[in-house]
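For the record, the sequence lines run as chains U and F.
Residue numbers for the first sequence follow our numbering, beginning at 44 and rising by one.
Residue numbers for the second sequence follow our numbering, beginning at 16 and rising by one.
Since the structure comes first, as structure tokens, the remarks are kept for the end.
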Amino acid sequence: EDQVTQSPEALRLQEGESSSLNCSYTVSGLRGLFWYRQDPGKGPEFLFTLYSAGEEKEKERLKATLTKKESFLHITAPKPEDSATYLCAVQARTGNQFYFGTGTSLTVIP
Amino acid sequence: EAGVTQSPTHLIKTRGQQVTLRCSPISGHTSVYWYQQALGLGLQFLLWYDEGEERNRGNFPPRFSGRQFPNYSSELNVNALELEDSALYLCASSRLNTGELFFGEGSRLTVL
């Protein structure tokens, strides 16, 4: 069964304290893995797409990496404005279904 | 370029009523997805439309239905509302087979 598991569920960091969020996935043939940021009461905002193991993408303080079984979202020197829920999703090669994890709620304390 | 737009942004209904939510995709996107996000829960897949056809639906009862119009906009209809239908309903669009979903801001439904 295709599924996505994110950890931790919640993470509190001091401003400037770097860390990583994990997304483990099981899918019968990966078409793509996606990271989103979601602010409270708003729709998810697209961040990255990763297609194959070894691929990396960067945007400001965020860097996403992909292996055959998991993806990491590394946050370097976070700021309070990085506080949000970060969602991971995978898309299987067969069909067009997207499977979302339940997210990691990140709080960055000034 | 305009993003995905949804309406209404907020609405309050009572049990047993019916609701229609609307979504306009990004120009050039032919696929529309609907998701339900209940408070504190993850995104639950409802429906996927492409080129006017329903391509897939999630594990929801038949009172959740929708359609896609020739201009690729979409409606989600929920009949016989129940309290547990209270949630943020998110619409997303994509170009078929290109991956990324782009989400609207959602419609917050409260059922009393």
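Glycine included, each C-beta is placed from N, C-alpha and C at the ideal position.
Note that the structure is predicted; figures quoted are calculated from it, not measured.
Give a yes or no on whether the minimum CB-CB distance between residue i and chain U is below 8 Å.
i: residue 86 of chain F; result: no
i: residue 26 of chain F; result: no
i: residue 63 of chain F; result: yes
i: residue 36 of chain F; result: no
i: residue 119 of chain F; result: yes
i: residue 43 of chain F; result: no
i: residue 57 of chain F; result: yes
Based on the DSSP secondary-structure assignment, which residues constitute the bridge partners of residue i?
i: residue 75 of chain U; result: U/134
i: residue 47 of chain U; result: U/68
i: residue 39 of chain F; result: F/20
i: residue 81 of chain U; result: U/128
i: residue 104 of chain F; result: F/51 and F/122
i: residue 79 of chain F; result: F/93
i: residue 109 of chain F; result: F/46
i: residue 63 of chain U; result: U/117
Taking residue i as part of the beta strand (DSSP E), name the residues at either end of that continuous run.
i: residue 68 of chain F; result: 68-72
i: residue 147 of chain U; result: 147-152
i: residue 118 of chain U; result: 113-118
i: residue 102 of chain U; result: 99-102
i: residue 28 of chain F; result: 25-28
i: residue 65 of chain F; result: 59-65
i: residue 93 of chain U; result: 88-93
i: residue 143 of chain U; result: 141-143
i: residue 108 of chain U; result: 105-109
i: residue 50 of chain F; result: 46-52
i: residue 128 of chain F; result: Absent from the model: residue 128 of chain F. The displayed extent of chain F is 16 to 127, so no value can be given.
i: residue 53 of chain U; result: 53-57
i: residue 89 of chain F; result: 89-93
i: residue 114 of chain F; result: Counting along the chain, residue 114 of chain F falls outside any beta strand (DSSP E), and DSSP gives it neither H nor E.
So is residue i in contact with chain B if we call contact Cβ pairs under 8 Å?
i: residue 114 of chain F; result: You won't find chain B in this structure, because its protein chains are U and F.
Taking residue i and residue j to be in contact with their CB atoms under 8 Å, please state how far apart those CB atoms are, rounded to whole angstroms.
i: residue 44 of chain F; j: residue 109 of chain F; result: 6 Å
i: residue 80 of chain F; j: residue 63 of chain F; result: Incorrect: roughly 13 Å between the Cβ atoms, too far for contact.
i: residue 110 of chain U; j: residue 96 of chain U; result: 5 Å
So with Cβ pairs under 8 Å, would you call residue i a contact of chain F?
i: residue 48 of chain U; result: no
i: residue 145 of chain U; result: yes
i: residue 150 of chain U; result: no
i: residue 119 of chain U; result: no
Regarding residue i and the ligand ATP, is the C-beta to nearest heavy atom distance less than 7 Å?
i: residue 105 of chain U; result: For the ligand ATP, the structure offers nothing, since it holds no ligand at all.
Chain U contacts made by the stretch 65-93 of chain F, where a contact means CB separation under 7 Å
70 and 71
Just by C-beta distance, which residues in the stretch 64-90 of chain U are closer than 9 Å to chain F?
Residues are counted here when their Cβ sits less than 9 Å from a Cβ of chain F; for the stretch 64-90 of chain U these are 74, 75, 77, 79, 81, 84, 85, 86, 87, 88 and 89, given in chain order.
What residues in the stretch 122-139 of chain U have a beta carbon less than 9 Å from any beta carbon of chain F?
130, 132, 134, 138 and 139
Any residues in the stretch 101-115 of chain U with a beta carbon nearer than 9 Å to a beta carbon of chain F? Which ones, in chain order?
Answer set for the stretch 101-115 of chain U: empty.
At a Cβ cut of 9 Å, what residues of the stretch 94-110 of chain F count as close to chain U, listed as they run along the chain?
103, 105, 106, 107 and 109
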